[in-house]
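Q:
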Amino acid sequence: LTTSMSLSRRLSSYLVVLSIVATIMAIRTVTSCCTTVSRRKITSPILGYRTQKWSPPCVKAVIFETEDGPVCSHWREEWVFQKVKELDVRMNSLSSLQYSNAWYVAGREIRVQYQS
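Read in UniProt numbering, the sequence shown has 104 at position 104, and its numbers run on one by one without any break.
(1) For C34, which residues in the same chain have their Cβ closer than 7 Å to its Cβ, ignoring the five residues on either side in sequence?
(2) Give me whichever residues DSSP pairs with T51 in a beta bridge.
(3) Does V71 come out as helix, strand or coil in the three-state DSSP assignment?
(4) Under a three-way DSSP split, which group does I46 fall into?
(5) Name the DSSP bridge partner or partners of S38?
(6) So residue 127 packs on E67, CB below 8 Å; how close in whole Å?
(7) Return yes when the Cβ of H74 is within less than 8 Å of the Cβ of S38, no when it is not.
(8) With a 10 Å radius around its C-beta and 16 neighbouring C-beta atoms as the bar for buried, classify V80 as buried or exposed.
(9) Is it true that the CB of G48 sits closer than 8 Å to the CB of L87?
(10) In whole angstroms, what separates the C-alpha of R90 from that of P56?
(11) By alpha-carbon positions, which one of W54, I42, G69, L94 ends up nearest to Q82?
Pasting the structure below:
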């Protein structure tokens, strides 16, 4: 009888720990999107962007990847439109160019030296 009680307690403890871990994982999943946006212009260098659709609790946003990390910006701000257009033009012009010894990452040239 004591063995089955001990086993029952262990299982209960494991289930409690498992439910806590599952809750933490669910919270991380929910908060990995933009739930608020900023209307301020970004001052740190912008490396790229992606868009996020509205799906509660996530809000519609343009997420700029900066050297300081992602920034959630309001999709209706004029400066956001201009920056997205600028980044699209830059990426389209870079993708149409071909270099034998250079790679472009986030708009920056990286030279590759080959050893013979």
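Note that CB positions come from ideal geometry on N, CA and C, so glycine has one too.
A: The relevant details are as follows:
(1) Q52, C58, V59, A61, I63, C72
(2) V62
(3) strand
(4) strand
(5) S73
(6) Examination of residue 127 is not possible in this model, given that the chain is present from 1 through 116 alone.
(7) yes
(8) buried
(9) yes
(10) 32 Å
(11) I42
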